[in-house]
Every structure is written in C-alpha cells, then in structure tokens.
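> After the structure tokens below, expect a handful of questions from me.
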Amino acid sequence: MTGVRKPEWIRYKTPGGQGYLNVKRCVGELNLHTICTEAKCPNAGDCFSNNTATFLIMGNKCTRDCLYCAVQKSSPEPPDYGEPERIAEAVSRLGLKYAVITSVTRDDLSDGGASLFAETSSCIKRRVPECGVELLVPDFRGYHIDSLDIIKESNPDVLNHNIETVEKIFPVLRPSGSYNHSLALIKYASETGFIVKSGLMIGFGETIGDIKDTMKNLYNSGCSMLTVGQYLSPGKNHYEVKKYYHPEEFEEIRLIGEDMGFKKIQSAPNVRSSYHAALLSETYKIYEKA
156 MTGVRKPEWI RYKTPGGQGY LNVKRCVGEL NLHTICTEAK CPNAGDCFSN NTATFLIMGN
216 KCTRDCLYCA VQKSSPEPPD YGEPERIAEA VSRLGLKYAV ITSVTRDDLS DGGASLFAET
276 SSCIKRRVPE CGVELLVPDF RGYHIDSLDI IKESNPDVLN HNIETVEKIF PVLRPSGSYN
336 HSLALIKYAS ETGFIVKSGL MIGFGETIGD IKDTMKNLYN SGCSMLTVGQ YLSPGKNHYE
396 VKKYYHPEEF EEIRLIGEDM GFKKIQSAPN VRSSYHAALL SETYKIYEKA
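Residue numbering for the sequence shown follows the working numbering, beginning at 156 and increasing consecutively.
Below is the structure:
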C-alpha cells in the first residue's frame, strides 16, 4: 500500500459496546446503509458506540471511482423511494438529535438524487422535529443549481459538499469531478442561504501552500465550516499515503483557518467530514448568537 509507516498518533476505537450493537441492529433491520461501513471509516467504532451514524442513501454502488474511496463502483440499483421514511424511523429509534445524510454519486439520475435528499430531510423533520439535519451532497455534475434549489425546499440545517483535496491533486483523485465546479456549487449554496460546510483530506503529497490556497478558495466561495483530516488509504488499489501529518501541524492548519475567517474548523488526524458533526454545528450556532 505505502512505504510511509503509520505513526503512533493514528489510533482509533475498536468497535464494540451496546451503542455499537444498537446502531448495527437498527441499520440491518431497516435495510439501510451507512457511509461509515461502506467507506471503511476508521471512526465507525467511535461513532456507533455513541449511537450515531452517517446514513448513505440511494444504495451502496457509485457511478464514479475516486482513487481515495472504498465505496464500490458499479451500476446502481433504481432508487428506493421508501428509504427516506426508514431513515426517519432509524433516527427516531436511535434518539438522534442530529442526523447526517450522504449518498453515493448518482450520475444516472436526472437531478443527481436531489429529490431523495430533500425527501429524506423532510421525513426526518416531520418525524423528529427537534433533530438537526446535515446533507452531505455530491457535486450534482451539470445541474447543481436546479438540484440545490430542490434541496432548499426541505430546509436542512447544514449543506455539506466536500472538496476532498487540493486543486493540483484533484484531477488525479477525482477524474470525473471538477475542482472549480465544486467551488461553484459551494458558492451557489452560500448565496442561496444554506449554512455551508466542506471537508479536506491531506496526506496525498500536497504542500502547506496548496492547503492554504484551497482553504482560501473555500472561504471565498462562502464555506463557513471546514473539517481537515488525515487521509488513510482504504486498500492496495487506492491512492497511497504520501505523508502523515503530525497533530501539531493540524493545529497550525486550524489556526490558519480561524485567521482566514472560518466560523468553525476541526483539524486533527482522526477528523472526518461527519465526525462529531453535531458538536461542530452546535458550536457554529453558539458563535452566530454571540
């Protein structure tokens, strides 16, 4: 996989405990998917143990094949239009106060799946009105304006779109995507009134200058919350890790982000886009009220 040895500060919680079992049972009984499992997220044990998960809608097969991602590339099944109600049921059963919904990329659907994001958000808000909803969306290639307009009707609390990597490495890792298109989506979302969040992984061979430039691009596009975490290669057929950043370097990146003007930024080796999302959102709201 890589000649770079994993350092001692890269440690994750072993899955187990009642909370972990509760989430696994609920997801299985309702025939749902989580990105935690499908993408082999190293934080799954921690999140599941705390009775939280990021739900994956529209199946577990993606129309794209990004070099950093463990989700299977294949021809997806037709959308399951009963899924939004089942996710709302899962949110209710687990007693969630904050739900994160993401999806595989569905280039085969005319709206990229926007209507299903909107329906899922609406179902959760009807079933569990006190629950916050964060939608982590793909780039809706070619139709992001129409897709975001559809989603806006469901009034999610946060709209998240991950840039994932810096500009110079983006075409290598995401050949079917576009760095500038992702920035345009974020800009339109911000102008439309969404609270906008994005995520960046590092360790692909970028420089600190590259990281700063991408952070500035995101901020100037209207992104107000940012997560920065260490890339971990999910398998031998994926892009290898070029560097493991020290926790002190992540702290420096966090301070850079604060100086730029981000209202909330998480930057640490184990940070992922949805990790402790409720806490990030809540502290953002506290900031806004200050």
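Quick reminder that beta carbons are idealized off the backbone N, C-alpha and C, glycines included.
The structure presented is a predicted model; accordingly, all values stated were derived computationally and were not measured.
1. Looking only at its own chain, which residues have a Cβ that is under 7 Å from the Cβ of residue 369, when we skip the five neighbours before and after it?
2. Hey, would you say residue 294 sits closer than 8 Å to residue 336, going by beta carbons?
3. Beta-carbon within less than 8 Å of residue 165's beta-carbon, same chain only, minus the 5 sequence neighbours each way: which residues are those?
4. Does DSSP put residue 276 in a helix, a strand or coil?
5. Measure how close the beta-carbons of residue 381 and residue 417 come, nearest whole angstrom, since I'm counting them as under 8 Å.
6. Curious, which full-length beta strand (DSSP E) runs of at least 3 residues does the stretch 226 to 306 contain?
7. Residue 324 by DSSP, collapsed to three states: which one?
8. What's the gap between the Cα of residue 162 and the Cα of residue 266?
9. Could you have a look at residue 222 and say whether DSSP puts it in helix, strand or coil?
10. With DSSP collapsed to three states, give me the class of residue 161.
11. From this set, 404, 233, 259, which residue's C-alpha is nearest residue 224's C-alpha?
12. Quick one: give me the first and last residue of the beta strand (DSSP E) that residue 426 is part of.
13. Between 278, 412, 340, which lies nearest to residue 374 when the distance is taken from Cα to Cα?
14. With which residues is residue 217 paired in a DSSP beta bridge?
15. If you measure between the beta carbons of residue 234 and residue 276, is that distance less than 8 Å?
16. Only counting runs of 4 or more residues, tell me where the alpha helix (DSSP H) segments fall wholly within the stretch 400 to 424, in order along the chain.
17. From what residue to what residue does the alpha helix (DSSP H) around residue 341 run?
18. Let me check one thing: in DSSP terms, what residues is residue 353 bridge-paired to?
19. To the nearest angstrom, how far is the alpha carbon of residue 190 from that of residue 215?
20. Spatial neighbours of residue 428 within its chain, please: C-beta separation below 7 Å, excluding the five flanking residues on both sides.
21. Let me know if residue 392 comes out buried or exposed under the rule of 16 or more other beta-carbons within 10 Å of its beta-carbon.
22. When DSSP builds the beta bridges, which residues end up paired with residue 189?
23. For residue 345 and residue 377, which I take to be in contact (beta-carbon distance under 8 Å), what is that distance rounded to the nearest angstrom?
24. Does the beta carbon of residue 408 come closer than 8 Å to any beta carbon on chain B?
25. Applying the criterion that 16 or more other CB atoms from any shown protein chain within 10 Å of the CB defines a buried residue, is residue 401 buried or exposed?
26. Need the endpoints of the alpha helix (DSSP H) that residue 387 sits in, please.
Reading from the atomic positions:
1. The count along the sequence shown starts at 1 and reaches residue 369 at position 214. Answer for residue 369: 318, 321, 322, 355, listed in chain order.
2. Taking the first residue of the sequence shown as position 1, residue 294 is located at position 139. Taking the first residue of the sequence shown as position 1, residue 336 is located at position 181. Contact flag set, yes.
3. On the sequence shown, position 10 is the one that residue 165 refers to. The residues are 385, 387, 399, 424, 425.
4. Stepping through the sequence shown from its first residue, residue 276 is reached at position 121. Looking at residue 276 - three-state DSSP - the assignment turns out to be helix.
5. Mapped onto the sequence shown, residue 381 falls at position 226. Mapped onto the sequence shown, residue 417 falls at position 262. Contact holds; Cβ gap of about 5 Å.
6. 253 to 258, 287 to 291
7. Here residue 324 refers to the residue found at position 169 of the sequence shown. Looking at residue 324 - three-state DSSP - the assignment turns out to be coil, as it is neither helix nor strand.
8. As a position in the sequence shown, residue 162 is number 7, starting the count at 1. As a position in the sequence shown, residue 266 is number 111, starting the count at 1. Between residue 162 and residue 266, the C-alpha separation is close to 42 Å.
9. The sequence position of residue 222 within the sequence shown is 67, counting from 1. Three-state DSSP puts residue 222 in coil, outside helix and strand.
10. Your numbering for residue 161 matches position 6 in the sequence shown. Here residue 161 sits in coil by DSSP.
11. Within the sequence shown, the letter at position 69 stands for residue 224. Nearest of 404, 233, 259 to residue 224, Cα basis: 259.
12. Looking up residue 426 in the sequence shown gives position 271. Run containing residue 426: none; DSSP gives neither H nor E here.
13. For the purposes of this step, residue 374 is taken as the residue at position 219 of the sequence shown. The shortest C-alpha to C-alpha distance from residue 374 to any of 278, 412, 340 is the one to 412.
14. Residue 217 sits at position 62 when you count from the first residue of the sequence shown. Paired residues: 228.
15. As a first step, residue 234 is located in the sequence shown; it is residue number 79 there, counting from the start. As a first step, residue 276 is located in the sequence shown; it is residue number 121 there, counting from the start. Result no, Cβ atoms of residue 234 and residue 276 do not sit closer than 8 Å.
16. 402 to 415
17. Stepping through the sequence shown from its first residue, residue 341 is reached at position 186. Element bounds for residue 341: 334 to 347.
18. For the purposes of this step, residue 353 is taken as the residue at position 198 of the sequence shown. DSSP, once it has assigned bridges, lists 381 as partnering residue 353.
19. What you label residue 190 is simply residue 35 of the sequence shown in a count that begins at 1. What you label residue 215 is simply residue 60 of the sequence shown in a count that begins at 1. In a straight line, the C-alpha of residue 190 is about 8 Å away from that of residue 215.
20. Taking the sequence shown and counting its residues from 1, one reaches residue 428 at position 273. The beta carbon of residue 428 sits closer than 7 Å to the beta carbons of 291, 315, 317, 354, 382 from its chain, once the five residues preceding and following it are set aside; these are given in chain order.
21. Within the sequence shown, numbered from 1, the residue matching residue 392 stands at position 237. Answer is exposed; the Cβ neighbour count stays below 16.
22. Stepping through the sequence shown from its first residue, residue 189 is reached at position 34. DSSP lists 210 as the beta-bridge partner residues of residue 189.
23. Taking the first residue of the sequence shown as position 1, residue 345 is located at position 190. Taking the first residue of the sequence shown as position 1, residue 377 is located at position 222. That belief holds up - the Cβ atoms of residue 345 and residue 377 are roughly 2 Å apart, short of 8 Å.
24. In summary, chain B is missing from the structure at hand, where a single protein chain is found.
25. On the sequence shown, position 246 is the one that residue 401 refers to. Counting Cβ neighbours within 10 Å, residue 401 comes out exposed, since fewer than 16 surround it.
26. Counting from 1 along the sequence shown, the entry for residue 387 is found at position 232. Per DSSP, residue 387 belongs to no alpha helix (DSSP H) and is neither H nor E.
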